[in-house]
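Student: Take this structure, written in structure tokens, and hold onto it; I'll ask about it next.
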Amino acid sequence: MRSIGIRELRQRASEYLRLVESGETVEVTDRGRPIAMLVPIPADDALDVCKRQDG
68 MRSIGIRELR QRASEYLRLV ESGETVEVTD RGRPIAMLVP IPADDALDVC KRQDG
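For reference, each letter of the sequence shown is one residue, going 68 to 122 in my numbering.
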């Protein structure tokens, strides 16, 4: 698992989102304190999310 700060996430958001899309988990920190996790959505769940948004 990769750990990144908020500033780095802002500067390279697209790159980190591609990593998450490919299956990697990314921990986001604020001054070294974990505040969030970016995790991939399993393919089956992604389809369910799309269906809920449509109707």
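Heads up, the beta-carbon is just placed ideally off N, CA and C, and yes, glycines get one too.
Here the structure is a predicted model, which is why all the values come from computation and not from measurement.
#1: According to DSSP, residue 69 sits in a beta bridge with which residue or residues?
#2: Residue 100 lies in the beta strand (DSSP E); which residues open and close that run?
#3: Please look up how many angstroms separate the CB atoms of residue 93 and residue 87, rounded, as I've assumed it's under 8 Å.
#4: Rounded to whole angstroms, what's the CA-CA distance from residue 91 to residue 107? Just pull it up for me.
Tutor: Reading off the structure:
#1: Along the sequence shown, one-based indexing puts residue 69 at 2. Residue 69 has 93 as its beta-bridge partners, per DSSP.
#2: Sequence index remark: in the sequence shown, residue 100 carries index 33 (1-based). Per DSSP, residue 100 belongs to the beta strand (DSSP E) from 100-105.
#3: Residue numbering aside, residue 93 sits at position 26 when the sequence shown is read from its first letter. Residue numbering aside, residue 87 sits at position 20 when the sequence shown is read from its first letter. With 8 Å as the limit, residue 93 and residue 87 qualify as a contact, their Cβ atoms being about 6 Å apart.
#4: Locating residue 91 in the sequence shown gives position 24, where the first residue counts as 1. Locating residue 107 in the sequence shown gives position 40, where the first residue counts as 1. Their backbone Cα atoms lie some 7 Å apart in a straight line.
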